[in-house]
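What follows is a single structure, written as structure tokens, with notes after it.
There are 2 protein chains.
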Amino acid sequence: MCTLLAQSEQLDRLAEIAIRIGVRVAEGQELIITAPIEALPLVRKITECAYRAGSPLVTTLFTDQQAILTRFEHAHDHSFDRSTGWLFEGMASAFRSGAARLAVIGEDPSLLSGQDPGKIARANRSRSVAYKPTLDLISSFSMNWSLVPYVTSSWAAAVFPQYPLDKAVTRLWQIVFAATRATEPDAVAAWNAHNGDLRARTSLLNGKRYSALHFRGPDTDLRVGLADGHKWAGGAAIARNGITCNTNIPTEEVFTAPHRSRVEGYVTSTRPLSYMGTTISDIRVRFEQGRIVEASAKRGSEIFQQLLEVDEGARRLGEVALVPCSSQISRSGILFHNTLFDENAASHLALGQSYSKCFIDGSDQEKDDFRARGANSSLMHVDWMIGSPDLQVDGLSEGGAIDPIMRSGEWTT
Amino acid sequence: MCTLLAQSEQLDRLAEIAIRIGVRVAEGQELIITAPIEALPLVRKITECAYRAGSPLVTTLFTDQQAILTRFEHAHDHSFDRSTGWLFEGMASAFRSGAARLAVIGEDPSLLSGQDPGKIARANRSRSVAYKPTLDLISSFSMNWSLVPYVTSSWAAAVFPQYPLDKAVTRLWQIVFAATRATEPDAVAAWNAHNGDLRARTSLLNGKRYSALHFRGPDTDLRVGLADGHKWAGGAAIARNGITCNTNIPTEEVFTAPHRSRVEGYVTSTRPLSYMGTTISDIRVRFEQGRIVEASAKRGSEIFQQLLEVDEGARRLGEVALVPCSSQISRSGILFHNTLFDENAASHLALGQSYSKCFIDGSDQEKDDFRARGANSSLMHVDWMIGSPDLQVDGLSEGGAIDPIMRSGEWTT
Chain A
1137 MCTLLAQSEQ
1147 LDRLAEIAIR
1157 IGVRVAEGQE
1167 LIITAPIEAL
1177 PLVRKITECA
1187 YRAGSPLVTT
1197 LFTDQQAILT
1207 RFEHAHDHSF
1217 DRSTGWLFEG
1227 MASAFRSGAA
1237 RLAVIGEDPS
1247 LLSGQDPGKI
1257 ARANRSRSVA
1267 YKPTLDLISS
1277 FSMNWSLVPY
1287 VTSSWAAAVF
1297 PQYPLDKAVT
1307 RLWQIVFAAT
1317 RATEPDAVAA
1327 WNAHNGDLRA
1337 RTSLLNGKRY
1347 SALHFRGPDT
1357 DLRVGLADGH
1367 KWAGGAAIAR
1377 NGITCNTNIP
1387 TEEVFTAPHR
1397 SRVEGYVTST
1407 RPLSYMGTTI
1417 SDIRVRFEQG
1427 RIVEASAKRG
1437 SEIFQQLLEV
1447 DEGARRLGEV
1457 ALVPCSSQIS
1467 RSGILFHNTL
1477 FDENAASHLA
1487 LGQSYSKCFI
1497 DGSDQEKDDF
1507 RARGANSSLM
1517 HVDWMIGSPD
1527 LQVDGLSEGG
1537 AIDPIMRSGE
1547 WTT
Chain B
1137 MCTLLAQSEQ
1147 LDRLAEIAIR
1157 IGVRVAEGQE
1167 LIITAPIEAL
1177 PLVRKITECA
1187 YRAGSPLVTT
1197 LFTDQQAILT
1207 RFEHAHDHSF
1217 DRSTGWLFEG
1227 MASAFRSGAA
1237 RLAVIGEDPS
1247 LLSGQDPGKI
1257 ARANRSRSVA
1267 YKPTLDLISS
1277 FSMNWSLVPY
1287 VTSSWAAAVF
1297 PQYPLDKAVT
1307 RLWQIVFAAT
1317 RATEPDAVAA
1327 WNAHNGDLRA
1337 RTSLLNGKRY
1347 SALHFRGPDT
1357 DLRVGLADGH
1367 KWAGGAAIAR
1377 NGITCNTNIP
1387 TEEVFTAPHR
1397 SRVEGYVTST
1407 RPLSYMGTTI
1417 SDIRVRFEQG
1427 RIVEASAKRG
1437 SEIFQQLLEV
1447 DEGARRLGEV
1457 ALVPCSSQIS
1467 RSGILFHNTL
1477 FDENAASHLA
1487 LGQSYSKCFI
1497 DGSDQEKDDF
1507 RARGANSSLM
1517 HVDWMIGSPD
1527 LQVDGLSEGG
1537 AIDPIMRSGE
1547 WTT
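Respectively, the protein sequence lines represent chains A and B. Just so we're aligned, residue 1137 is where the first sequence starts under the numbering used here, counting upward by one. Just so we're aligned, residue 1137 is where the second sequence starts under the numbering used here, counting upward by one.
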């Protein structure tokens, strides 16, 4: 009883964090939530918080994971080249008209593990094409948005297969509440302090004006040239509509834009990537002039190869992010099978679309200018983890100076 | 255990009826389902049936009744003049591109009973304006569509307040399964036979070419002129996209289009109307030249008056429907607080938008022609019940002949 009470209070606090720190919906601003149907208890609390904060309309688009699986099991072959463009276009239209976006994340990481990789790839591609108008609004930071977690039973079972389900769910909630600071009596103050720490780190890096980062580790030797006029971002940031938000709850990363043509060398992933209900592990890729020219994966190889074929931008980097191994989420030592957590446990790269907030004056620039400065464009944005206690990161300056940024996975300063 | 098993089998059969008799989704045709979130078990079965039938994409937009209530309890005042136009426009766009529509019905009939009628009226009006593009596609029968029921606990509690909740739910499911023919081992054959019976009735009435119907009963004396070139419809019908469907599961009615300017006299409702989470009872209205010039209601009077103010068409009839008191649903003697059932238990009228399928050559005509023939147009279409064992209905012919159609609520032939 006592545990349940505590959990309910922390769920209240997570809803408050989602609205007051995450998306920060403004008075008069419509809110669109996407969520797995199991997240209903959190969605109800978030909905109340949003209406109290002055949102005139809160609409949740629930996804039933079972329906996705049913499609793969029973739909005819032509299904997998189709997507709900009408729905994504409707959402994009709402965002263009001023709505904010909140996505509740907690999908079953192995939902599609037994399904045909060819169908998965086709379905993902169709979805990416249909989703592009929304992805463009997100990557250009047109409106305030945020991702927040919800522990579904399938997610908990994937993280703690050794536990009975109820224990797995309880244990994962403990970790999720701690990582999202819902355990803090004054969660808003705790988030403000954390945002301050991340801002100090981005200020330091932005002062350096590195031209490239050099990653070294087991089976990794990679030089990532940074985009011209890149900017390090992390924690709270101001969207183009003028509203400050925290786009990820939790977040431990600082990140910026690589130059899409200036990446050289090879790199190996340190954590499996959970991607659209499948797992891709032991990714190893080699870059020449920013482009992946060799790629392999032990598990999920076919899905990974097809992901790289989506478009030219899928073979190039759109983000590079640094996370120390001492970060709260990393210290848990858990593999989350969920990018919102795993990317905050380890330094990572993302293939695909760049974010405009990773450019100086990003909120005033047009896309063509980003491209000239080295931004990448793609239907996708997929993060995968390369950080570990064996990772060394150097900052390279135009003049030839080399600064140690991370040693053994930790900040040097 | 035995009851549960039977219920699960009948739910399977209801899903099959929804797809094979109700909406009859075609190979290659996208399907959009709307449903209360409690209807998830039925939605999952329907989704599987639809994929098996060759639908490439099945998308369900779930509604959480609690979120609607939360809006009324916590949203700021400006909320009630807003609606999710982006979502309705997206749906309409999908229907225009060929998608079929299936709505699962089972809302709490008294959800908003304690809320401010002014806010309810404003929210309904905003929603009606935003929904108009979809209503136009439905009323012009552009695509195959259907409504099917699901017993939510709040609906069951409203129907059987005298029972404990689990008994209320079980009892209402028994009635719903019987009314939808899910109790029949060969439900498709049973529906084909029922559609044949309704077709025989509409053929009979269409042969008569009545110019008007005369309703007489307690506190009712109403002449309803029929539209020029009206057609009686009922049971299965062919949508403009060429697909036959049953738009209501269950259905017992035959119905046609009144002439919007040729209704005279007064009429009193015989069952309460459940409208958008509120109840309107003891409606009494008087018509002159098709227009309501006096209107009252005992319960829900303010909501009813505001409904009449939505637009000019809200004061005029868009449908007249005949249902004998011996119909299976009527015989149950139950007040369902749900129009999908109550309208099939009693003859009824609808205020607002006409249906194009109630016109000869309805599938080839443009709207302007319908209007010249007496069709009504409105943001709304609201059915309310006037049938009872005390109702007499005569058919009036152009030449002055009077045919008795119903006596004491039953067909005369």
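Just so you know, even glycine gets a beta-carbon here, dropped at the ideal spot from N, CA and C.
Considering only their Cβ atoms, is the gap separating residue j from residue i smaller than 8 Å?
{"i": "B:Leu1532", "j": "B:His1366", "result": "no"}
{"i": "A:Pro1192", "j": "B:His1212", "result": "yes"}
{"i": "B:Met1516", "j": "B:Ala1450", "result": "yes"}
{"i": "A:Val1360", "j": "A:Ala1348", "result": "yes"}
{"i": "B:Val1159", "j": "B:Ala1236", "result": "yes"}
{"i": "A:Asn1382", "j": "A:Ser1282", "result": "yes"}
{"i": "B:Ser1219", "j": "B:Val1161", "result": "no"}
{"i": "A:Gly1226", "j": "B:Glu1225", "result": "yes"}
{"i": "B:Asn1512", "j": "B:Pro1245", "result": "no"}
{"i": "A:Ser1262", "j": "A:Phe1216", "result": "yes"}
{"i": "B:Ala1363", "j": "B:Gly1510", "result": "yes"}
{"i": "A:Glu1455", "j": "A:Tyr1491", "result": "yes"}
{"i": "B:Ala1481", "j": "B:Ser1462", "result": "no"}
From which residue to which residue does the beta strand (DSSP E) around residue i run?
{"i": "A:Phe1423", "result": "Arg1420 to Glu1424"}
{"i": "A:Arg1398", "result": "Pro1394 to Thr1404"}
{"i": "A:Ile1428", "result": "Arg1427 to Ser1432"}
{"i": "A:Ser1282", "result": "Trp1281 to Pro1285"}
{"i": "B:Leu1471", "result": "Per DSSP, B:Leu1471 belongs to no beta strand (DSSP E) and is neither H nor E."}
{"i": "A:Trp1520", "result": "His1517 to Met1521"}
{"i": "B:Arg1237", "result": "Ala1236 to Ile1241"}
{"i": "B:Ile1168", "result": "Leu1167 to Pro1172"}
{"i": "A:Ile1538", "result": "Ile1538 to Arg1543"}
{"i": "B:Leu1485", "result": "His1484 to Gly1488"}
{"i": "B:Leu1551", "result": "Residue 1551 of chain B falls outside the range modelled here, since chain B spans only 1137 to 1549, and no answer is possible."}
Pick out whichever of the options has its Cα sitting closest to the Cα of residue i.
{"i": "B:Thr1338", "options": "B:Ala1304, B:Asp1418 and B:Glu1388", "result": "B:Glu1388"}
{"i": "B:Ala1175", "options": "B:Cys1381, B:Ile1439 and B:Ile1241", "result": "B:Ile1241"}
{"i": "A:Arg1435", "options": "A:Phe1495, A:Pro1354 and A:Ile1416", "result": "A:Ile1416"}
{"i": "B:Trp1222", "options": "A:Gly1190, A:Arg1232 and A:Gly1510", "result": "A:Arg1232"}
{"i": "B:Gly1371", "options": "B:Ser1397, B:Thr1306, B:Ala1457 and B:Glu1320", "result": "B:Ala1457"}
{"i": "A:Ala1228", "options": "A:Tyr1187, A:Ser1397 and A:Asp1272", "result": "A:Asp1272"}
{"i": "A:Trp1291", "options": "A:Ser1278, A:Lys1181 and A:Ile1311", "result": "A:Ile1311"}
{"i": "B:Gly1164", "options": "B:Thr1270, B:Arg1180 and B:Tyr1187", "result": "B:Tyr1187"}
{"i": "A:Phe1313", "options": "A:Tyr1267, A:Asp1447 and A:Gln1464", "result": "A:Gln1464"}
How far does the alpha helix (DSSP H) with residue i in it extend, from its first residue to its last?
{"i": "B:Arg1261", "result": "Pro1253 to Ser1275"}
{"i": "B:Asp1478", "result": "Thr1475 to Asp1478"}
{"i": "B:Pro1177", "result": "Leu1176 to Arg1188"}
{"i": "A:His1330", "result": "Ala1323 to Lys1344"}
{"i": "B:Arg1207", "result": "Gln1201 to His1210"}
{"i": "A:Gly1226", "result": "Gly1221 to Arg1232"}
{"i": "A:Ala1292", "result": "Ser1289 to Val1295"}
Residue i bridges to which residues according to DSSP?
{"i": "B:Gln1528", "result": "B:Arg1352"}
{"i": "B:Ile1416", "result": "B:Leu1409"}
{"i": "B:Val1360", "result": "B:Leu1349 and B:Val1399"}
{"i": "B:Arg1435", "result": "B:Ser1417"}
{"i": "B:Asn1384", "result": "B:Leu1283"}
To which residues of the same chain is residue i closer than 7 Å at the C-beta, ignoring the five residues directly before and after it?
{"i": "B:Gln1251", "result": "Phe1208"}
{"i": "A:Trp1520", "result": "Ser1405, Leu1409, Ile1419, His1484 and Leu1485"}
{"i": "B:Leu1178", "result": "Leu1147, Leu1150, Ala1151, Val1240 and Tyr1286"}
{"i": "A:Gln1528", "result": "Arg1352, Gly1353, Met1542 and Arg1543"}
{"i": "A:Met1137", "result": "In this prediction, A:Met1137 scores a pLDDT of 42, lower than 50, which makes its location untrustworthy; the coordinate-derived value is nonetheless stated afterwards. Correct list: empty, nothing qualifies."}
Which same chain residues, not among the five before or five after residue i, have their C-beta less than 6 Å away from its C-beta?
{"i": "A:Leu1197", "result": "Thr1170"}
{"i": "B:Ile1173", "result": "Phe1198 and Asp1200"}
{"i": "A:Leu1453", "result": "Pro1394, Val1399 and Leu1485"}
{"i": "A:Trp1547", "result": "Pro1460"}
{"i": "A:Asn1331", "result": "Gly1371 and Ala1372"}
{"i": "B:Thr1356", "result": "Val1403 and Thr1404"}
Near residue i, what residues of its chain come up, given a Cβ to Cβ distance below 8 Å and the 5 sequence neighbours on each side ignored?
{"i": "B:Ala1293", "result": "Leu1301 and Ala1304"}
{"i": "B:Leu1248", "result": "Ile1204, Leu1205, Phe1208, Ile1256, Met1412, Gly1413 and Thr1414"}
{"i": "B:Ile1153", "result": "Val1284, Thr1316, Arg1317, Ala1318, Ala1323, Val1324, Trp1327 and Ile1385"}
{"i": "A:Gly1234", "result": "Gln1165, Glu1166, Met1279 and Asn1377"}
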